[in-house]
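A.B. asks: Dropping the structure in here first, questions after.
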């Protein structure tokens with residue numbers, strides 16, 4: 798079941814390969830499950846998210862459901878996961 802979702806997502810993104818082959822950590826939306834961005838080398842590369850610049854930093858907005866994620870919080874979450 799997981800592979801079917803990944804294949805359909807790859808087709809939506811126009812990737813010639815499964816999304817799991819992208820290098821880095823893929824960040825998914827917690828509400829709808831669509832891939833927002835790839836986190837690699839302390840940077841985000843948006844897949845299915847719009848990036849807004851605010852006074853507090855960058856914000857990723859899911860194109861499917863509209864939920865907002867602060868890029869700073871996602872970066873901090875990734876750093877904590879690496880230290881463990």
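Residue numbers (our numbering): 798 to 881.
Glycine residues also receive a C-beta, built at the ideal position from the N, C-alpha and C atoms.
1) Could you work out which residue in 827, 858, 853 and 852 is closest to residue 842 when comparing CA atoms only?
2) Ignore the nearest five residues each way along the sequence and tell me which others in residue 880's own chain have a CB closer than 6 Å to its CB.
3) Count the other C-beta atoms from every protein chain shown that fall within 10 angstroms of the C-beta of residue 844, then say buried if there are 16 or more, exposed otherwise.
4) Might you give, ordered along the chain, the residues of its own chain that have their beta carbon closer than 7 Å to the beta carbon of residue 868, omitting 5 neighbours on each side?
5) Going by DSSP, name the residue or residues bridged to residue 822.
C.D. replies: Working from what's here:
1) In the chain shown, the residue the question calls residue 842 occupies position 45. Among 827, 858, 853 and 852, the Cα nearest to that of residue 842 belongs to 858.
2) Translated into positions along the chain shown, residue 880 becomes position 83. Here the model assigns residue 880 a pLDDT of 46, short of 50, so the residue's position is not dependable, and the following value carries that caveat. Excluding positions up to five away in sequence, the list is empty.
3) For this step, residue 844 is matched to residue 47 along the chain shown. Result: buried.
4) Against the chain shown, residue 868 aligns to sequence position 71. The answer, listed in chain order, is 841, 854, 855, 856 and 857.
5) As a working note, residue 822 is residue 25 in the chain shown. Paired residue(s): 836.
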